[in-house]
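A.B. asks: Okay, handing you the structure first.
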Amino acid sequence: QALRKQRRKHPHKASCKRHTLYVDFSDVQWNEWIVAPAGYHAYYCQGECPFPLPDHLNATNHAIVQTLVNSVNPSIPRACCVPTELSAISLLYLDEYEKVILKNYQDMVVEGCGCR
Amino acid sequence: GAAGLIPEVGRRKFSESGKQSPERSESFLNEFELRLLKMFGLGRRPTPSKNAVVPQYMVDLYHMHSANGDHSTKRTKSMGKHAERAASKANTIRSFHHEESMEALASLKGKTTQQFYFNLTSIPKEELITSAELRIYRDQVIGAAPPNSSALAGGLHRINIYEIFGVPVGSNSTEPLVRLLDTRLVQDSLSRWESFDVSPAVSQWTSGQGPNHGFMVEVLHPEHEEMDSEHSQRRNKHVRVSRSLHQDQDSWPQARPLLVTYGHDGHGDSVLHTRQKR
């Protein structure tokens, strides 16, 4: 019971990782001009960058040092959980002149997250 | 705000959050909106009318290049190597219909010529056009010789695509000055889209090296130059170059000529690269 109480007080925060995020273009009313796709899996990064940083968190040397400093001086923030690899998607849409365009947009999908 | 890319709900929530003064929050939102528009390469939010037509070819290209596309389908296979090759260097593919108000149609002695003008001013200056194709739909001529028939030669016609580069000055002739871009001998017994390479002309027009006077399409029957005018007209009607030659008005938007440009704005990979990577 004491352990549960303690967990409630200091909930265990998940490590930095990729989470599901489906962007539905109708939610932002962009479906009026984007023909395809109707939406896409964009994903997002969230989670802690704890001390000591494990290997799988893709940390840079700077992030490792910053996390180390944070462990002794909490006024320095921890490294941030951010996208480290992104990929492109193709959109088929009508522009402001009603011309139909198929264009490749880079950095639209999170492929990997890490501490930076 | 209603005309912009930020939904009204998002604008209202940010303004009401009280983090900024109303003036500053409006300026932040406008700045963010400009970034969104720039990201999409737009000048303002598109507000297409209900009559806006999305060519099936563009939808097919999208499916060909999207991650979920089924590349083994008959439709994507029939799109040909040209589209695939062109798209491998391009990250932007645009389609254009011609300005019907500026078309000039003439039929004489077993041939039909049609002048087209495509307004390409919406292509940004920084976009380098690597390839362009003019697509024209042909309907099967009822009663034409089947492909393996011995009367094959009689069921052929030629389509010539010219770039118009001016009108003769000080001459009585009204014929425009043209140069041949592409030509093909086609069979009457097949219904299909014909794709013609018009890259040299479109590259010149969009790079500012020459004025855009449009194209001239010529349909002629090498074996039937002596045929009577009515017969000739009937055959030429199967090449969908003009609304006036098209019987079914409902299908015209999807059967009319289409100019497709393949370009790269210098940012990121080509559309085909994405597919291969995935």
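Residue numbers (our numbering), protein chains in the order written: chain A, -1 to 114; chain B, 29 to 306.
Built from N, CA and C at the ideal position, the CB exists for glycine as well.
Taking just the CA atoms, how far does B:A115 sit from B:I157?
C.D. replies: Those two C-alpha atoms are separated by around 11 Å.
A.B. asks: Given a limit of 7 Å on CB to CB distance, which residues of the stretch 62 to 73 of chain A reach chain B?
C.D. replies: none
A.B. asks: Could you compute how far the alpha carbon of A:L90 sits from the alpha carbon of A:C14?
C.D. replies: 33 Å
A.B. asks: Give a yes or no on whether 8 Å exceeds the smallest Cβ distance from B:Y90 to chain A.
C.D. replies: yes
A.B. asks: Give me, in chain order, the residues of the same chain whose beta-carbon lies closer than 8 Å to that of B:E54; leave out the 5 immediate sequence neighbours on both sides.
C.D. replies: S43
A.B. asks: Would you say B:D297 faces chain A, with C-beta separation under 8 Å as the test?
C.D. replies: yes
A.B. asks: Using a C-beta cutoff of 8 Å, does B:N240 count as contacting chain A?
C.D. replies: By this cut-off, B:N240 is not an interface position.
A.B. asks: May I ask you to report which of helix, strand or coil DSSP gives B:A181?
C.D. replies: Reliability of the predicted coordinates at B:A181 is poor, the pLDDT of 49 falling under 50, and no value is obtained from them.
A.B. asks: Would you call the CB atoms of B:R163 and B:V288 closer than 8 Å?
C.D. replies: A contact, by the Cβ cut-off of 8 Å.
A.B. asks: Using only CA atoms, which one of B:D225, B:A132, B:A229 lies nearest to B:T202?
C.D. replies: B:A132
A.B. asks: Counting only beta-carbon separations shorter than 8 Å, does B:H110 have a partner in chain A?
C.D. replies: No, B:H110 lies away from the interface with chain A (no Cβ there is under 8 Å from its Cβ).
A.B. asks: Taking all protein chains shown into account, do 16 or more other C-beta atoms lie within 10 angstroms of the C-beta of B:S45, making it buried, or fewer, making it exposed?
C.D. replies: exposed
A.B. asks: Less than 8 Å between C-beta atoms, sequence neighbours within five positions excluded: which residues of the same chain meet that for A:I87?
C.D. replies: P35, Y38, N102, Y103, M106, V107
A.B. asks: Hey, would you say B:Q142 sits closer than 8 Å to B:L184, going by beta carbons?
C.D. replies: No, the Cβ-Cβ distance between B:Q142 and B:L184 is not below 8 Å.
A.B. asks: Pull up the DSSP beta-bridge partners for B:F124, would you.
C.D. replies: B:L287
A.B. asks: Please return the same chain residues whose Cβ sits closer than 6 Å to the Cβ of A:Q64, not counting the five positions on each side in sequence.
C.D. replies: A77
A.B. asks: Looking at the strands, I want to know which residues DSSP matches up with B:M244.
C.D. replies: B:Q143, B:Y190
A.B. asks: Using 8 Å as the limit for Cβ to Cβ distance, is A:V21 near chain B?
C.D. replies: no
A.B. asks: Smallest Cα separation from A:T18: which of A:N29, A:W28, A:Y42, A:C47?
C.D. replies: With respect to the C-alpha of A:T18, the residue from A:N29, A:W28, A:Y42, A:C47 having the closest C-alpha is A:Y42.
A.B. asks: For B:I34 and B:E61, I'd like the C-alpha separation in whole angstroms.
C.D. replies: Distance between the alpha carbons of B:I34 and B:E61 is about 7 Å.
A.B. asks: Just the C-alpha distance for B:N117 and B:P196, rounded to the nearest angstrom, thanks.
C.D. replies: Checking the sequence, you will find Lys at residue 117 of chain B rather than Asn. Rounded to the nearest angstrom, the gap between the Cα atoms of B:K117 and B:P196 is 37 Å.
A.B. asks: Could you have a look at A:H17 and say whether DSSP puts it in helix, strand or coil?
C.D. replies: In the three-state reduction of the DSSP assignment, A:H17 falls in the strand class, which pools E and B.
A.B. asks: With B:Q224 as the anchor, note down where its beta strand (DSSP E) starts and where it stops.
C.D. replies: The sequence given here places Phe at residue 224 of chain B; Gln does not occur at that position. First-last of the beta strand (DSSP E) with B:F224: 220 to 225.
A.B. asks: Using the Cα positions of B:D167 and B:D278, report the straight-line distance between them to the nearest angstrom.
C.D. replies: 15 Å
A.B. asks: Would you mind sorting A:D25 into buried or exposed? The rule is 16 or more other CB atoms within 10 Å of its CB.
C.D. replies: exposed
A.B. asks: Within 8 Å (strictly less), CB to CB, does A:D53 reach chain B?
C.D. replies: False, the Cβ-Cβ gap to chain B never drops below 8 Å.
A.B. asks: So, helix, strand or coil for A:Q44, using DSSP?
C.D. replies: strand
A.B. asks: Do B:I151 and B:T234 count as a contact pair if the criterion is CB distance below 8 Å?
C.D. replies: yes
A.B. asks: Just checking: is the beta-carbon of B:A80 within a distance shorter than 8 Å of some beta-carbon in chain A?
C.D. replies: yes
A.B. asks: Determine the DSSP secondary structure at A:Y70, reduced to helix, strand or coil.
C.D. replies: At residue 70 of chain A the sequence reads Val, which differs from the Tyr that was named. Note: A:V70 maps to helix in three-state DSSP.
A.B. asks: Under 7 Å Cβ to Cβ from B:G294, same chain only, skipping five residues before and after it: list those, please.
C.D. replies: E154
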